[in-house]
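One structure is given here, and the rest of the page talks about it.
There are 2 protein chains.
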Amino acid sequence: MQHSATTGQAFYEALAEHGLIVPVGVPGAFGRGAVFEDVLRRFDAAVSRVAKEDGAERMLFPPILDRNVFEKSEFLDSFPQLAGSVHSFVGNDEQHRELRERVRQGKAWGDLQSMTGVVLSPAACYPVYPSFTGIVPEQGRLVDMQNWVFRHEPSPEPTRMQAFRVREFVRVGTANVVVCWRDMWLDRGLSLMRSLGLAAHAIAATDPFFGRGGRMLAASQRDQELKFEVVVPVLSEEAPTAVCSFNYHQEHFGKAFSIRTFDGAIAHTACLGFGMERVVMALFKTHGFQPREWPEAVRRRLWP
Amino acid sequence: MQHSATTGQAFYEALAEHGLIVPVGVPGAFGRGAVFEDVLRRFDAAVSRVAKEDGAERMLFPPILDRNVFEKSEFLDSFPQLAGSVHSFVGNDEQHRELRERVRQGKAWGDLQSMTGVVLSPAACYPVYPSFTGIVPEQGRLVDMQNWVFRHEPSPEPTRMQAFRVREFVRVGTANVVVCWRDMWLDRGLSLMRSLGLAAHAIAATDPFFGRGGRMLAASQRDQELKFEVVVPVLSEEAPTAVCSFNYHQEHFGKAFSIRTFDGAIAHTACLGFGMERVVMALFKTHGFQPREWPEAVRRRLWP
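As you go down the protein sequences, you meet chains A and B in turn. Sequential numbering of the first sequence, starting at 22, is according to the numbering used here. Sequential numbering of the second sequence, starting at 22, is according to the numbering used here.
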């Protein structure tokens, strides 16, 4: 992002002043106020109306993910810096005394915690892949979810959160089915954003791969057009914010979770997710902090 | 719980067979299906109707909590075994290679993670207390939330989850205001459950305090009547399941977060939370797996 942190901070403070978010002591973990949530629910319903005829299976997963699934996903190969693992205390009375003492004295206590069988979901689609294992029907499968996602990237900029909700659709089937579906949603996503008065456009995008090898991975991802984003100016025109992300995984999850198409080939998957809080923030930034003063056309779309 | 694990397992399998939950590889982290979520939303709306005239401030917090708030709350003194802290990778390229290698070989990698500034919310009310710091208005404050909670207690029994949602109300003010409010909701909670055809009753309860000192703490909590639960038979009549929990904290959070009443005294707080998934499971267990076949009076309450 090229905008300055000051701009992000100012927007954060404006959201807080209007009661849209509830500040907490750490960045990217603020509460959401009543009006913020109302707009989020209304946008969620607008997405449902767009997707109504698709016959998706609806699911919802908790914010935690089976650690085995996470390890199989190879997320740690590409984005170790963003993941969050869940650790717990499994000690005895004596170790508990040590833990209490450390906390009381403000000393580090992470080494008194042990890794558990779960991590935080690093992406909204990850929990669903193991349930596709086996042979998917001829027309493939389509799942519609709204899950919490964790990213370890504390920032004062309100659109960059440590925890946020994604309305996520996942398609599994042949390469052709999956890519056509992705392309259809790219159009739908753009239309939906524009119908809400947001100056959206689509871009080929890359993920923030870790380390020295990361640049190469990003270049390859861009060359193969595996990732697109619908972006909207929120804090700046030059560095617009991604509000919807489209990922074509090819055979990645099909291989990892033994998912096959009816003809025995490894299934392809793609997903797309609306960053729910980001869409809401884009609406407030574009149309002002009072929804009742938003343009009539936007209100009709959200309060139909 | 006195019922056998088999009973819990059988109920879990029945929920899965009917598509109400989506099994995953670890206990207590399953997905929720469309019908499950529909019932949950309808119960949530029923709670809103009961609370309509109370004028609560609505908020929603993410599943993560500021670690400083968590440390101040003294949760680790009482329930270290239930808490989950969030750890992340903050290493360099070389440490990343080590991390990848360990994951690939199925070796432990928890020691390559560092504790972050957040933990998982151990109770739905914790994120809100810091926002009360200062002097609360004469009539106190009332907040209404729906937050995800984490408890490190993996179990095959479906009502004992590692992650679940709580519709939580928090009251802050004088002791008298807070206790009267808690008593009013104890009646409301019982009535609401009974109106849904659930054989609910209220009991004085205790928390699962850790270690050797735990029994004494529990006895003191019971003597002072600080915790009540509305319980409903789900897996057995003898060991009914808590579906709503009422906690009177006295000055605990008022002291920890410097919350005062208008007359300068330390504020008292109480909270009550509906275990959303548990209520939904109680409905399925009591009335069967097909909501359209539920008793007319129950349906009228949820599909008004």
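Idealized CB from N, CA, C, for every residue including glycine.
query	result
Under 9 Å between C-beta atoms of residue 181 of chain B and residue 137 of chain B	no
Limits of the alpha helix (DSSP H) - the one that residue 313 of chain A falls within	That residue, residue 313 of chain A, is in no alpha helix (DSSP H); it is neither H nor E in DSSP.
Cβ distance (whole Å) where residue 188 of chain A is taken to contact residue 167 of chain A below 8 Å	5 Å
Cβ-Cβ distance between residue 42 of chain A and residue 50 of chain B below 9 Å	no
Close-in-space but distant-in-sequence residues of the same chain around residue 211 of chain B (CB under 8 Å, 5 per side omitted)	221, 222, 223 and 251
Span separating the alpha-carbon of residue 255 of chain B from that of residue 256 of chain A	50 Å
Residue(s) in a DSSP beta bridge with residue 81 of chain A	B:53
Short CB-CB distance (under 9 Å) between residue 304 of chain B and chain A	no
Sequence-distant residues of its chain with Cβ nearer than 6 Å to residue 261 of chain A (five each side left out)	252, 253 and 254
Residue of B:45, B:32, B:29 and B:65 minimising C-alpha distance to residue 296 of chain B	B:65
Test: residue 108 of chain A CB closer than 9 Å to a CB of chain B	yes
Contact list for the region 74-94 of chain B against chain A, Cβ threshold 8 Å	78, 79, 80, 81, 82, 83, 84, 85, 86, 87, 88, 89, 90 and 92
Own chain residues within Cβ distance below 8 Å of residue 147 of chain A, not counting five before or after	86, 90, 91, 94 and 96
Residues that residue 285 of chain A contacts on chain B, provided the C-beta gap is smaller than 8 Å	What residue 285 of chain A touches in chain B: nothing, since even the nearest Cβ is about 25 Å away.
CB contact flag (residue 243 of chain A, residue 227 of chain A, <9 Å)	yes
Endpoints, alpha helix (DSSP H) assigned at residue 8 of chain A	Given a span of 22 to 325 for chain A in the structure shown, any question on residue 8 of chain A remains unanswerable.
Spatial distance of residue 114 of chain A from residue 179 of chain B (CA atoms)	29 Å
Any C-beta of chain B under 9 Å from that of residue 114 of chain A	yes
Contacting positions in the region 182-208 of chain A - beta carbon closer than 7 Å to chain B	183 and 184
Closer than 9 Å to chain A by CB, residue 98 of chain B	yes
Cβ of residue 215 of chain A within 9 Å of any chain B Cβ	no
Within 9 Å, strictly: CB atoms of residue 52 of chain A and residue 80 of chain B	yes
Interface flag, residue 180 of chain A vs chain B, CB-CB below 9 Å	no
Backbone secondary structure at residue 45 of chain A - three-state DSSP	coil
Rounded separation between residue 171 of chain A and residue 135 of chain A - CA only	20 Å
Candidates B:303, B:237 and B:270: closest to residue 264 of chain B by CA position	B:303
Contact set between residue 169 of chain B and chain A, taken where Cβ atoms lie within less than 8 Å	83, 84 and 169
Contact list for the region 48-64 of chain B against chain A, Cβ threshold 7 Å	50, 52, 53, 54, 55 and 58
Complete alpha helix (DSSP H) runs within the region 212-260 of chain A (minimum length 4 residues, chain order)	235-244
The region 219-236 of chain A: positions lying closer than 7 Å to chain B by Cβ	231, 232 and 233
Backbone CA spacing between residue 152 of chain B and residue 217 of chain B [nearest angstrom]	35 Å
9 Å Cβ cutoff met for residue 326 of chain A and residue 162 of chain A	This structure cannot settle anything about residue 326 of chain A, because the visible part of chain A is limited to 22 through 325.
Spatial distance of residue 190 of chain A from residue 82 of chain B (CA atoms)	24 Å
CA-to-CA distance, residue 131 of chain B to residue 123 of chain B, given in whole angstroms	10 Å
Closest Cα partner of residue 205 of chain A within the set A:237, A:235 and A:249	A:249
Reduced DSSP category for residue 172 of chain B - H, G, I as helix; E, B as strand; rest coil	coil
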